[in-house]
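When you line the sequence shown up against the UniProt record's numbering, it's residues 1 to 483, in that order.
I have placed the structure first, in the form of structure tokens, so that the comments after it can refer back to it.
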Amino acid sequence: MSFSKAALQVGRFGAVAVAVLLAGCAVGPTYERPVQASPSMWKEAPAVEGWLPAAPADALDRGEWWKLFGDTTLNELADRVQVSNQNIAAAVANYDQAQALVREQRAGYFPTLGLSANARRSGDRSVPIVAGSAGISVDAGWTPDIWGRLRSAVGSAQAQAQASAADLAAARLSAIGLLATSYFSLREADAELILLDDTIQGYERSYTITRNRYEASIAPQSDVLQAQTQLVNARAERVALKRTRDTLEHAIAALVGAAAADFELAALTEWKPTVPAVPLGVPSTLLQRRPDIASAERAVAAANAQIGIERAAYYPSLTISASAGTTSLRWQDLFSAPQLVWSFGLSASQVLFDAGAIGARVDAARAAHEASVARYRQTVLTAFQNVEDQLTATASLAQQESLRREASVAADKTEQQFLNRYRAGQVSYTDVVTAQASALSARRTVLQVQVSRQAAAVGLIQGLGGGWDADWLRNADAGTTTH
């Protein structure tokens, strides 16, 4: 038989195999996204209305939610986090690995092709004749995906890759969220340091006044000691606050992928915290806006595909093989005077008895699917809870800031009045110390509430998914329809 005729038979045989493949059917269950009831509106949304200032949210829609805060330094740091943060780098590597696994599974759709060569010489001491042979051949093999096992494996790998993409988005959201809250806390420390510096200067003046009155025999020494104690305590608080600020700077350095020794954030002389408005949308949109929900849903799809993979073991496995090559007694004659050697093969295997091992694997896959569905639903419920909590915090902190500002203004007036009355000899210095401590506490509380409002805004944005959108979840098949 000529080589061309052999090739023709290979082609005919392949056509028959393709026909068999196309006639095959998948044995896995059709994937249906788990149903999770969503409320029609956020319970705590009305409480937020009227407390958040109006602000455009196009940055949130683009995913660059940190730009809503209007801080150029924060914007620059967020860019660095996305490039240099090692947790994000690990998530990127995991996503690349998942994509490679998809390509590996897809490669199973195609035949494998190999080249083999051999040479052999043999002889016997008693016979002075040496025999030899040489050969080269091309081998092909293919396992048709008649029962959909390969399609299920590819679908599972695709779902896992999409889950990795969602995990990558979640890693970015988490890293930049941590950066934002750390940065705002650092700026709060800057503002408190300025406040403490001003307060310490006031305490130093009070200490000087008290000491002068003592030296003039107008005030007792206890007033001097009280003023000195208050001044020294304020200085100690400044040292502790500076330590907090340094620690926050070190944390930000790690987030942007830099050593603490090579990173520095200049202190601000003035800081005006901004709390942006955050568009809520309806709760049902959270299913596409939260990367952790998307990842959990893709895990369900992968688990569903695994059932089809295990079910396929119930059915016969078909393998087609073909080989064509030449042989000769000598290497030098291999191509000049070849002798065609070819073969075709078709093999099938079927498990007749395995004591229920396949059934056990199918049951295990079903149980894993049910567990993934439960985890998905719990993830959704937790997400709804998280958003409601942040809405409550947003509304509460906005009201608190208004009240704390009012209390701070009153405490400042009280401090000044007691200081004036002390100079006039109308009250003891203990009253002045109490008023000053209350005023300082009120000022610091206002700063802390402002930063808490910013942190709540970050938490709300994270709870809403940070502008990320899993558009592939809108499709009914979502990448894995039937297996």
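Backbone N, C-alpha and C define an ideal beta-carbon position, used for all residues, glycine too.
This one's a predicted model, so the numbers in the text were calculated from it and none came from an experiment.
Here G155 is buried. Its C-beta has 16 or more other C-beta atoms within 10 Å. CA-CA distance, T414 to A189, rounds to 25 angstroms. Under the 10 Å beta carbon count, Y314 is surrounded by fewer than 16 other beta carbons and is classified as exposed. Taking a contact to require three or more Cβ pairs closer than 8 angstroms, the segment 102-119 and the segment 70-88 do not qualify as touching. According to the DSSP assignment, V282 belongs to no alpha helix (DSSP H), since it is labelled neither H nor E. Assignment of D139 by DSSP, reduced to helix, strand and coil, places it in the strand class.
Inter-residue distance for G463 and V275 is about 16 angstroms (C-alpha atoms, whole angstroms). Each of I176, P283, V409, A266 was checked against the Cα of F384, and the nearest Cα belongs to P283. The C-beta distance from Q400 to A456 rounds to 11 angstroms, too long to meet the 8 angstroms contact threshold. Counting C-beta pairs closer than 8 angstroms gives three or more between the segment 368-383 and the segment 291-304, which meets the contact rule. In the three-state reduction of the DSSP assignment, W66 falls in the helix class.
The three-state secondary structure of T208, taken from DSSP, is helix. When C-alpha distances from Q350 are compared across S323, L318, G325, N212, the shortest belongs to L318. Unbroken beta strand (DSSP E) stretches of 3 residues or longer found wholly inside the segment 67-102: none. In this structure E310 is buried. Its beta-carbon is surrounded by 16 or more other beta-carbon atoms within 10 angstroms. Assigned with DSSP and collapsed to three states, G345 falls in strand. For R149 and N75, the gap between their C-alpha atoms comes out near 48 angstroms.
No beta strand (DSSP E) of 3 residues or more sits fully in the segment 159-185. With fewer than 16 other Cβ atoms inside 10 Å of its own Cβ, V35 counts as exposed. Comparing alpha carbon positions, the residue from A100, V102, R103, I136 closest to A117 is I136.
Contact check for W147 and I320: beta-carbon distance about 15 angstroms, past the 8 angstroms limit, so the pair fails to qualify.
In this structure, the beta-carbon distance from P273 to Q450 falls below 8 angstroms.
Per the C-alpha coordinates, the member of E406, I307, G325 positioned closest to T30 is I307. Counted as a single uninterrupted DSSP element, the alpha helix (DSSP H) harbouring T382 occupies residues 357-423.
Nearest to F263 by C-alpha distance, out of A140, A254, T269, is A254.
Residue E64 holds the alpha-carbon nearest to the alpha-carbon of G467 among E64, Y183, G114.
Going by beta carbons, L460 and V278 fall inside the 8 angstroms limit.
Taking a cut-off of 8 angstroms on C-beta distances, the segment 202-212 does not touch the segment 94-102, as fewer than three cross pairs fall below it. Between the segment 437-448 and the segment 159-172 there are fewer than three C-beta pairs closer than 8 angstroms, too few to call the two in contact. Counted as a single uninterrupted DSSP element, the alpha helix (DSSP H) harbouring E249 occupies residues 221-255. For R289, the closest of A324, T379, A216 by C-alpha to C-alpha distance is T379.
Beta-bridge pairing by DSSP links S116 to S137. Straight-line spacing of the CA atoms in P291 and V48 works out to 25 angstroms.
G325 sits in a strand when the DSSP states are folded into three classes. Take the alpha-carbon of A234 and the one of S295: they are about 50 angstroms apart. Secondary structure of L340 (DSSP, three-state): strand.
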